[in-house]
C-alpha cells in the first residue's frame, strides 16, 4: 500500500470512491474546478492510498490559518480494518502541524455512529457543547 | 495587524468570544496573511468598536470573533460586518460559510439566524488537538 499526495490527476477515481462511501455527502464544492482550487490552497495536505493497482482510499485536508479541517475520508470497503484510514489522517495531521496548525476539526452526520466510533478510536472528540451554524452564500 | 491590541481589548470585554493560543500576535499575523483582506474592523473616528475575522480553507468560509463594543450595539454594525465578510467570501469562490457557537448562547444564535444562518441539526463536529 502506498500513500501519495492527492493531485487533480486522480480526481475521477476519487469521485468514484466517494460516491460509494456512505457518510460522504458530495456537493458543488466537489466539482473538478473546486477540488483543484482547494488543492492549490492546501498543497501537499490531501492524500490518496493505492493498493493492488487500485485507488482504495482518499482524504482532503486544509486549513484557514487558524484551524485544520478534514473532509471526505473514505476507504474502499474491501480494504478497511487495516489501519489505512488512520494512516491517511496521520499524514494530514503531520502536514497541518508543519504549517503551525494545532487543532483540526471535521463535520460528521450525528447518525454516523460507525464513523464517530472510528474517529474517537484515533483520538478525536465529539463536541456537543458548541454547535455549528451554516449559511449558503451563492447569490447566483 | 495595527489594530491587534485594540481588537484584543474588545474581545476580552465581549461575552461569547473565547480567546486561545491562536489569538496571540504571531498566530494572528499568520491568520491574516492566509486570508488577506477578508477580516474587517469597524471604527468610530479612530476608535475600534467592531471586529470580525473571516477565513476559508478553500472549501468553506469561517467567521470568528464577531464583536461590537457594548455602547455601539443595535445599530446594525454586526450585521454589516457579517454581510461584508460573506460578500468577500463569494468573490473567493466559497459557497457556504460556517460558524461555531456555544449552544447556550441564545442571543448569539438569534443574531446569526437573523443573518440567514441555521443551526445544523443533523451534523456535529469533532476535534483533534495535535499538541
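Residue numbers (the numbering used here), protein chains in the order written: chain A, 1 to 140; chain B, 1 to 131. All C-beta atoms, glycine included, are put in the ideal place defined by N, C-alpha and C. Since the structure is predicted, the reported quantities are computational estimates derived from the model, not experimental observations.
Take residue i and list the residues in its own chain whose beta-carbon comes closer than 6 Å to its own, dropping the five residues that flank it on each side.
i	result
residue 56(A)	49, 76 and 79
residue 140(A)	In this predicted model, residue 140(A) has a pLDDT of only 48, less than 50, meaning its place in the structure is not dependable; the value taken from the coordinates is given anyway. The answer is none, since no qualifying residue turns up.
residue 53(B)	39, 64 and 65
Is the beta carbon of residue i less than 7 Å from the beta carbon of residue j?
i	j	result
residue 56(B)	residue 94(B)	yes
residue 64(B)	residue 51(B)	no
residue 46(A)	residue 120(B)	no
residue 105(A)	residue 12(B)	no
residue 119(A)	residue 72(A)	no
residue 3(B)	residue 32(B)	no
residue 59(A)	residue 84(A)	no
residue 156(B)	residue 108(A)	Lying before the first or after the last residue shown, residue 156(B) is absent from chain B, which here runs from 1 to 131.
residue 103(A)	residue 41(B)	no
residue 23(A)	residue 112(A)	yes
residue 36(A)	residue 15(A)	no
residue 137(A)	residue 90(B)	yes
residue 29(A)	residue 74(A)	no
How would you write the range of the beta strand (DSSP E) that residue i sits in, first residue to last?
i	result
residue 133(A)	130-136
residue 20(B)	Here residue 20(B) belongs to no beta strand (DSSP E), and DSSP marks it neither H nor E.
residue 127(A)	125-127
residue 2(A)	2-5
residue 15(A)	No beta strand (DSSP E) holds residue 15(A); the alpha helix (DSSP H) holding it covers 11-20.
residue 69(A)	68-75
Which term fits residue i, buried or exposed, when burial requires 16 or more other beta carbons within 10 angstroms of its beta carbon?
i	result
residue 68(B)	buried
residue 123(A)	exposed
residue 39(B)	buried
residue 58(B)	buried
residue 100(A)	exposed
residue 1(B)	exposed
residue 82(B)	buried
residue 62(A)	buried
residue 42(A)	buried
residue 78(B)	buried
residue 44(B)	exposed
residue 110(A)	exposed
Near residue i, what residues of its chain come up, given a Cβ to Cβ distance below 8 Å and the 5 sequence neighbours on each side ignored?
i	result
residue 86(B)	61 and 97
By the DSSP assignment, the alpha helix (DSSP H) with residue i in it spans what residues?
i	result
residue 145(A)	Past the edges of chain A, shown from 1 to 140, lies residue 145(A), and the structure says nothing about it.
residue 65(B)	Premise fails: residue 65(B) lies in the beta strand (DSSP E), 61-68, not in any alpha helix (DSSP H).
residue 85(B)	77-91
residue 118(A)	113-121
residue 113(B)	106-114
residue 98(A)	84-98
residue 4(B)	4-12
Excluding the five sequence neighbours on either side, which residues of its own chain have a C-beta within less than 7 Å of the C-beta of residue i, listed in chain order?
i	result
residue 117(B)	99
residue 44(A)	5 and 95
residue 40(A)	none
Determine, using beta-carbon pairs with one atom in the region 4-22 of chain A and one in the region 35-50 of chain A, whether at least three such pairs fall under 8 Å. The region 4-22 of chain A vs the region 35-50 of chain A: in contact.
Decide if the region 88-105 of chain A is in contact with the region 62-72 of chain A; the criterion is three or more beta carbon pairs, one per stretch, under 8 Å apart. Segments in contact, yes.
Tell me whether the region 101-109 of chain B and the region 123-134 of chain A touch, counting them as touching only if at least three CB pairs, one residue from each stretch, are closer than 8 Å. Below 8 Å, enough C-beta pairs join the region 101-109 of chain B and the region 123-134 of chain A to call them touching: three or more.
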